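Participant:
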Amino acid sequence: MNTSFQMDFDYTLKIDFERCSVKELYYILQILYNSSTLCREDIIEMANETIYRINEMGYELTNKQYRPFNKFVQSLYNVLKKLGIKKQRDIIFSNYNEFVKKPVPDIESPKSPETISPPKIMKKPMKKPMKKMEVIPPKINNTIPPPNSIILKKGNTPRYIKCIKKII
Numbered sequence: 643m644n645t646s647f648q649m650d651f652d653y654t655l656k657i658d659f660e661r662c663s664v665k666e667l668y669y670i671l672q673i674l675y676n677s678s679t680l681c682r683e684d685i686i687e688m689a690n691e692t693i694y695r696i697n698e699m700g701y702e703l704t705n706k707q708y709r710p711f712n713k714f715v716q717s718l719y720n721v722l723k724k725l726g727i728k729k730q731r732d733i734i735f736s737n738y739n740e741f742v743k744k745p746v747p748d749i750e751s752p753k754s755p756e757t758i759s760p761p762k763i764m765k766k767p768m769k770k771p772m773k774k775m776e777v778i779p780p781k782i783n784n785t786i787p788p789p790n791s792i793i794l795k796k797g798n799t800p801r802y803i804k805c806i807k808k809i810i
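Mapping to our numbering: the sequence shown position 39 is 681, numbers consecutive.
1) Out of Arg731, Ile685, Asn712, which one is the CA nearest neighbour of Gln672?
2) I think Arg709 touches Tyr719, with their Cβ atoms under 8 Å apart; what is that distance to the nearest whole Å?
3) Which same chain residues, not among the five before or five after Asn712, have their C-beta less than 7 Å away from its C-beta?
4) Using the Cβ count rule (16 or more neighbours within 10 Å means buried), how would you classify Thr692?
5) Give the secondary structure of Pro710 by DSSP, where H, G and I count as helix, E and B as strand, and everything else as coil.
6) How is the alpha helix (DSSP H) around Asp732 delimited, first residue to last?
7) Let's test the definition: count the other Cβ atoms within 10 Å of the Cβ of Met643 and tell me whether it reaches 16, buried, or not, exposed.
8) Have a look at Val742, Ser717, Leu667 and flag the residue whose alpha-carbon is nearest the alpha-carbon of Phe659.
9) Using the C-alpha atoms, what's the distance from Glu756 back to Glu687?
10) Within the same chain, show all residues whose beta-carbon is closer than 7 Å to that of Asn737, passing over the 5 residues directly before and after it, in chain order.
11) Out of curiosity, what's the CA-to-CA distance linking Asn676 and Tyr669?
12) Which of helix, strand or coil does DSSP assign to Phe659?
13) Is Met699 helix, strand or coil by DSSP?
14) Do you know how far the Cα of Ile758 is from the Cα of Met699?
This is the structure we're talking about:
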């Protein structure tokens, strides 16, 4: 009686790979690889979950935070290669290399509207106040000109003539 009950019960172990962390997946992979050939189906299921995760992460696989996952993917690929599971191995190879080896596609960001600004109005430089200087015609009455004076030279410019007439 007791033996018939044990025969009817299914002892199959179902691993929920979706809930496992990367570290747990790595340890499970080592155990399944070193187990019997009946565990190949579980390795294939783990490979399918890994393919799903690769596609979910996309181009973020190159970030530092995903290094443990990248190492796990490489070890899973090697296990699939050793066991001769070609379909999942090829899918992992193509999807992983698509996101890791190819550059991130450039997505053009919307351009901001160009604003045309009027030209800057330049301020005129301030003139330095000139010192008042005394204009003295040359050598009148043999006097020495003061230090702040301009001595006019002979010429027939209208200004020179005006200055001479005012003095005389």
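Note that the Cβ used here is the ideal one computed from N, Cα and C, for glycine as well.
Please read these numbers as outputs of a predicted model, since none were measured by experiment.
Facilitator: Once the coordinates are examined:
1) Looking at the Cα atoms, Ile685 is the closest of the given residues.
2) With a contact defined as Cβ atoms closer than 8 Å, Arg709 and Tyr719 miss out at about 16 Å.
3) The residues are Leu703.
4) Under this definition Thr692 is a buried residue.
5) Three-state DSSP puts Pro710 in a helix.
6) Where Asp732 is concerned, the enclosing alpha helix (DSSP H) stretches over 728-742.
7) The predicted model places Met643 with a pLDDT of 47, which falls under 50 and marks its position as unreliable, so this point remains unresolved.
8) Nearest of Val742, Ser717, Leu667 to Phe659, Cα basis: Leu667.
9) Taking the straight line joining both Cα atoms gives about 54 Å.
10) When the five nearest sequence neighbours on each side are left out, the beta carbons in the same chain lying within less than 7 Å of the beta carbon of Asn737 are those of Ile693, Ile696, Asn697, in order along the chain.
11) In a straight line, the C-alpha of Asn676 is about 11 Å away from that of Tyr669.
12) Helix at Phe659.
13) Three-state DSSP puts Met699 in a helix.
14) Between Met699 and Ile758, the C-alpha separation is close to 42 Å.
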